[in-house]
Amino acid sequence: MAKLEPTAQPGEGRSAIPAAMEAFQGLAELWQLSTEDQLLLLGSPGRSTFFKWKKDGGSLPRDTVERVSHLLAIHKALEILLPDARAADGWIRRPNAQFNGQSALDVMRCGQVMDIYRVRQYVDAQRGG
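In terms of our numbering, the sequence shown is residues 4 to 132.
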């Protein structure tokens with residue numbers, strides 16, 4: 004599983020893109036999230052806003068930053084629990100009894116911060132955190 008750290012340092016062209024959005028873009032790639040899934044996980048911003056964040060940066064709302072924080076924490080917990088990158092990245096799509104047979108991604112697609120937080124709590128509990 005790849006480290007999700009910003010690729011550009013301040014002053015290197017992409018510095019206007021918040022580190023949170025850059026990290027989210029890396030996570031979306033690892034998890035092979037569709038644009039629709041990315042929009043849902045980020046709190047359903049307008050499509051033009053989403054693509055502006057990806058291209059030009061800009062301020063992210065507090066809600067979006069919180070969502071990204073939880074998603075990155077889920078990713079980190081999965082890195083610890085499942086050192087095999089394919090298993091860790093695929094976990095979010097596998098049915099899980101804890102989520103009534105839904106996958107973690109299905110739960111997070113419901114769109115509320117609490118849905119993402121529910122998945123985070125589960126993976127944190129699994130790793131003993």
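Ideal placement from N, C-alpha and C gives every residue a C-beta, glycine not left out. Note that the coordinates shown come from a computational prediction; the quantities given were computed from them, not determined experimentally.
Distance between beta carbons of residue j and residue i, contact taken as under 8 Å
i: V122; j: I77; result: 6 Å
i: D40; j: R112; result: 7 Å
Residue i (DSSP reduced to helix, strand or coil)
i: S18; result: Confidence is the limiting factor: at S18 the pLDDT is only 40, short of 50, which leaves the residue's position unreliable, though a coordinate-based value still follows. Coil.
i: R123; result: helix
i: F27; result: helix
Distance CB(residue i)-CB(residue j) smaller than 9 Å
i: L203; j: Q124; result: Absent from the structure is residue 203, since the part of the chain shown begins at 4 and ends at 132.
i: L63; j: L30; result: no
i: A91; j: D127; result: no
i: I95; j: W56; result: no
i: T67; j: A23; result: yes
*the region 70-80 touching the region 39-49, judged by at least three CB pairs closer than 8 Å*: yes
_Length-filtered (4 minimum) alpha helix (DSSP H) runs lying within the region 29-67_ = 38-44 and 50-59
*In chain order, which alpha helix (DSSP H) runs of at least 4 residues are fully inside the region 65-120?*
65-84, 88-94 and 107-111
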